[in-house]
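Report on the structure given below.
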Amino acid sequence: MSNSLKQGFPRDITAGGLLKIDIAEGKEIHLEILVEPKEEMSGRAPSVLFRSDKQKELYEDEAAAHSVRHVLKNCAFPVTEVRLGERTSFEDGVLTVRKSLEAEAQGCNDLVKSAELDIIYPDKQHVYTNSMMDVQPIAVKKEGMLGEGTTFEMTGVYMMLTGTDEAGLQIADANVSNGIYEENVEFGRPGAPDRDAFIIRLNVTIQEGCGMERPGPLAAHQALDIITQELREVLKEKDASTAAAEREYLDVERQGALRILLVKEIMGQGAMHDNLILPDEPCGFLGGRPNVDLGNVPVLLRPNEVLDGGIHALTCITPDTKETSLHYWREPYLKRLASDPEIDLLGVLFVGSPQANTEKFYVSGRVGAIVEALNPDGCIVTTEGFGNNHIDFASHIEQIGSLGIPVVGCSYCGVQGALVVGNKYMDVMVDHCVTEHGNVEDILAKNTGTEETAIRAVALVKNKIVGEKIRQAERRYNPALIKDNEELAEEVYGHADPRYSCE
Numbered sequence: 217m218s219n220s221l222k223q224g225f226p227r228d229i230t231a232g233g234l235l236k237i238d239i240a241e242g243k244e245i246h247l248e249i250l251v252e253p254k255e256e257m258s259g260r261a262p263s264v265l266f267r268s269d270k271q272k273e274l275y276e277d278e279a280a281a282h283s284v285r286h287v288l289k290n291c292a293f294p295v296t297e298v299r300l301g302e303r304t305s306f307e308d309g310v311l312t313v314r315k316s317l318e319a320e321a322q323g324c325n326d327l328v329k330s331a332e333l334d335i336i337y338p339d340k341q342h343v344y345t346n347s348m349m350d351v352q353p354i355a356v357k358k359e360g361m362l363g364e365g366t367t368f369e370m371t372g373v374y375m376m377l378t379g380t381d382e383a384g385l386q387i388a389d390a391n392v393s394n395g396i397y398e399e400n401v402e403f404g405r406p407g408a409p410d411r412d413a414f415i416i417r418l419n420v421t422i423q424e425g426c427g428m429e430r431p432g433p434l435a436a437h438q439a440l441d442i443i444t445q446e447l448r449e450v451l452k453e454k455d456a457s458t459a460a461a462e463r464e465y466l467d468v469e470r471q472g473a474l475r476i477l478l479v480k481e482i483m484g485q486g487a488m489h490d491n492l493i494l495p496d497e498p499c500g501f502l503g504g505r506p507n508v509d510l511g512n513v514p515v516l517l518r519p520n521e522v523l524d525g526g527i528h529a530l531t532c533i534t535p536d537t538k539e540t541s542l543h544y545w546r547e548p549y550l551k552r553l554a555s556d557p558e559i560d561l562l563g564v565l566f567v568g569s570p571q572a573n574t575e576k577f578y579v580s581g582r583v584g585a586i587v588e589a590l591n592p593d594g595c596i597v598t599t600e601g602f603g604n605n606h607i608d609f610a611s612h613i614e615q616i617g618s619l620g621i622p623v624v625g626c627s628y629c630g631v632q633g634a635l636v637v638g639n640k641y642m643d644v645m646v647d648h649c650v651t652e653h654g655n656v657e658d659i660l661a662k663n664t665g666t667e668e669t670a671i672r673a674v675a676l677v678k679n680k681i682v683g684e685k686i687r688q689a690e691r692r693y694n695p696a697l698i699k700d701n702e703e704l705a706e707e708v709y710g711h712a713d714p715r716y717s718c719e
């Protein structure tokens, strides 16, 4: 449905009755379309694309005929115990990690001066940790490329990277998450490890003075991947028939559904603000292209490429608002959109946030050009962190909104939301902040996007597309209002398909 056609619909189309369209030319064509009345919601925002149960069943049957573009199978292999030992193995749920891998990790880059492996156990989490630079799944491609074929994943265990420089400064020493592990992780977030999971931690020491320069953090991530790659190799030896569970992620073209594009702004200022795009292995290091080296221009990924570990996060500063590699592996906005039978998800457009303002507007202009070419019915734009990245975040929304395309923005705002540069198209926003006081906290993944914020964002973009009035929020941070909106959105729209859950 084109934007011009949608804008031509009368505002009372949802009131029910018979919609009549008379066309003056074309030999007096006369159309009559039966319109079902919308449900009364006691003053609450309606589910604008509501269908009865019978209609929903018919739609699901119809969906079976839709075009499946790509299929990704994920096979889960639970880990029940983790040990350090003389050789790496994975048998009967017991994962043994070769202790001597430390030396290989240290030797991978001259900037890495030491590397130490240990395990954080689910029942022994009151331990000190240096700043948590990233959390990653352990997964390997068994068949095919990222985004299709078969991926094996170890469940109940994650890789974690921590570290300092030789002078004892935390790597990326500003807004860091060092402290007691169980107190500095917001469990339950997509980007945070599960509370009952084993953590294979690599703590690195890099050359003094390199902690806030690009080569230093990159070397630390390279060292971690040495460890992870050997674990991938033993996982790949498993047979799919022995997996505890299987999931299929279908990239479906839903003809006639709302065409939605997800735009994700990621950090690209350099130093410890970077990401690797499309590595050879899920959330891997080798083969990934840094978005900084690509000029931060927008790169379109297929939905399943993202869910298969297509982004390796290198951003390790302001940990409560930044998205880890595990976050992208579980990306809540993508999962909500992909599981909605009323939405045809076009893909995920990743765009880096450069340091210089001139570059910000350059890449934002490319976002506008791509969106114009795709011509979606609506867009959701997200960003991580806060600060000067909000300059281009606002510009992305303006580029999209100026095309007449409904757009919803999602970001950490809180009481520091004044940092967000405003424009008239930023009229519908979703706040990632969950702290009572509205400020950032040095707690991993606390103020990031979740399944709850995704439900709100999808509800808002649907309402915006059909022209439903959305009441303006008060101009102050109010966590109670956010909670009310979450409950309302879940009541009307429900939870996502469990196949796409963030677990």
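When you read off a place in the sequence shown, starting at 1, and then add 216, the result is the number in this note's numbering. For glycine and all other residues, C-beta sits at the position ideal for the given N, C-alpha and C.
In chain order, what residues of the same chain have a beta carbon less than 8 Å from the beta carbon of residue i, not counting five sequence neighbours either side?
i, result
"Asp-412", "Pro-338, Gly-372"
"Glu-588", "Leu-619"
"Ser-258", "With a pLDDT of only 35 at Ser-258, under 50, the local geometry of the prediction cannot be trusted, and the value read off the model is given with reservation. Excluding residues within five positions, none has a Cβ falling inside 8 Å."
"Glu-359", "Gly-365, Thr-366"
"Glu-402", "Ala-408, Asp-536, Ile-659, Leu-660, Ala-661, Lys-662"
Quick check on residue i: does DSSP put it in helix, strand or coil?
i, result
"Phe-723", "No statement about residue 723 is possible, as the shown extent of the chain runs from 217 to 719 and does not include it."
"Leu-474", "strand"
"Lys-340", "strand"
"Tyr-628", "coil"
"Lys-454", "coil"
"Ala-529", "strand"
"Leu-619", "coil"
"Gly-752", "Because the chain in this structure spans residues 217 to 719, residue 752 falls outside the shown range and cannot be described."
"Ser-283", "strand"
"Ser-305", "strand"
"Glu-424", "coil"
"Val-479", "strand"
"Gly-432", "helix"
"Val-513", "coil"
"Val-313", "strand"
"Asn-605", "helix"
"Ser-569", "strand"
"Ile-335", "strand"
"Leu-542", "helix"
"Ser-611", "helix"
"Val-356", "strand"
"Ile-586", "helix"
"Val-708", "helix"
By Cβ distance, which residues of its chain are closer than 6 Å to residue i, with the 5 residues on each side in sequence left out?
i, result
"Asp-608", "Ser-569, Lys-576, Ser-580"
"Val-284", "Leu-466, Val-468"
"Lys-538", "Thr-531, Glu-600, Gly-601"
Here's the rule: buried if 16 or more other CB atoms are within 10 angstroms of the residue's CB, otherwise exposed. What is residue i?
i, result
"Glu-464", "exposed"
"Pro-294", "exposed"
"Asn-655", "exposed"
"Ser-555", "buried"
"Gln-159", "Because the chain spans 217 through 719 in this model, residue 159 falls outside it and cannot be assessed."
"Leu-502", "exposed"
"Asn-591", "exposed"
"His-342", "exposed"
"Thr-574", "exposed"
"Val-631", "exposed"
"Gln-386", "buried"
"Glu-547", "buried"
"Asn-694", "exposed"
"Glu-278", "Because Glu-278 carries a pLDDT of 44, less than 50, the predicted location of this residue cannot be relied on, and the following value inherits that uncertainty. With fewer than 16 other Cβ atoms within 10 Å, it is exposed."
"Glu-614", "buried"
"Ala-461", "exposed"
Residue i to residue j, Cα distance in whole Å?
i, j, result
"Lys-680", "Gly-638", "19 Å"
"Gly-484", "Asn-491", "7 Å"
"Gly-207", "Asp-441", "Absent from the model: residue 207. The displayed extent of the chain is 217 to 719, so no value can be given."
"Arg-430", "Val-287", "36 Å"
"Pro-535", "Ala-390", "10 Å"
"Leu-494", "Lys-480", "15 Å"
"Arg-448", "Asp-524", "14 Å"
"Val-392", "Ile-698", "26 Å"
"Ser-325", "Leu-333", "Residue identity differs from the one stated: residue 325 is Asn in this sequence, not Ser. The alpha-carbon atoms of Asn-325 and Leu-333 are separated by roughly 17 Å."
"Glu-706", "Gln-438", "41 Å"
"Ala-689", "Lys-315", "54 Å"
"Ile-422", "Ala-321", "12 Å"
Have a look at the DSSP bridge pairing and note the partners of residue i.
i, result
"Arg-687", "Partner(s): none; Arg-687 has no beta bridge."
"Ser-347", "For Ser-347, which the question treats as bridged, DSSP gives no partner whatsoever."
"Gly-486", "His-489"
"Lys-289", "Thr-366, Glu-464"
"Pro-506", "Leu-492"
"Pro-519", "Partner(s): none; Pro-519 has no beta bridge."
Using beta carbons (cut-off 8 Å, strictly below), is residue i in contact with chain C?
i, result
"Arg-303", "No chain C appears in this structure, which consists of one protein chain only."
Using a Cβ-Cβ cutoff of less than 7 Å, which residues in the same chain neighbour residue i once the five nearest sequence positions on both sides are dropped?
i, result
"Pro-519", "Asp-467, Leu-550, Ala-554, Leu-561, Gly-563, Val-564"
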